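This report concerns only the one structure given below.
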Amino acid sequence: MLLSLLLSCNDYGINQKLSAEPIIAPDFIDFGHLKSGEESGLRQIIFSNGGELPLEVDHIEIHGQRFDVDLEGFTVEAGSWHALDLTYTPITYEFNEGYLDVYL
-18 MLLSLLLSCN
-8 DYGINQKLSA
2 EPIIAPDFID
12 FGHLKSGEES
22 GLRQIIFSNG
32 GELPLEVDHI
42 EIHGQRFDVD
52 LEGFTVEAGS
62 WHALDLTYTP
72 ITYEFNEGYL
82 DVYL
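Mapping of the sequence shown onto my numbering: position 22 corresponds to residue 3, and the numbering continues sequentially without gaps.
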C-alpha cells in the first residue's frame, strides 16, 4: 500500500535530474555617448543560477576592440548570482560593437 502511494505522488521523482540554469542579463548593453580618448564606460553583466546545482562558467571570450572583461571562469552557486564588469574605452568617434561568448 505504501509503495503504491509513493508511486502515485508526482512530487517524488525517481529519475529527477538536477542541473544548473544560467540566466544572463542584460542581453544588450549601450554605453551611450563617451568622449573619445577621455572617458570610458563601465557596465555589469549579471550571471544568475536558477537551477539546483552550481553553475560552472569555464571561461569567457570577448569579440570587439576597445572592450575589456575578466576572462577567467567562476562558479555561481544555486540561487545566487555573480557580477562581471565590462569596460568600454573608445579611441575614435566611430561606432563600435562586440559580443561575449560564455563557455559553460
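Don't be surprised by glycine CBs; every beta carbon is placed ideally from N, CA and C. Keep in mind that this is a model prediction, so the values were computed, not measured.
Does the distance from the CB of residue i to the CB of residue j come in under 9 angstroms?
i: residue 74; j: residue 44; result: no
i: residue 64; j: residue 4; result: no
i: residue -1; j: residue 32; result: yes
Measuring alpha carbon to alpha carbon, tell me which of the options ends up nearest residue i.
i: residue 23; options: 5, 62, 14, 59; result: 14
i: residue 85; options: 19, 34, 21, 41; result: 41
For residue i and residue j, I'd like the C-alpha separation in whole angstroms.
i: residue 9; j: residue 51; result: 18 angstroms
i: residue 54; j: residue 39; result: 5 angstroms
i: residue 58; j: residue 1; result: 9 angstroms
i: residue 37; j: residue 82; result: 14 angstroms
i: residue 28; j: residue 60; result: 11 angstroms
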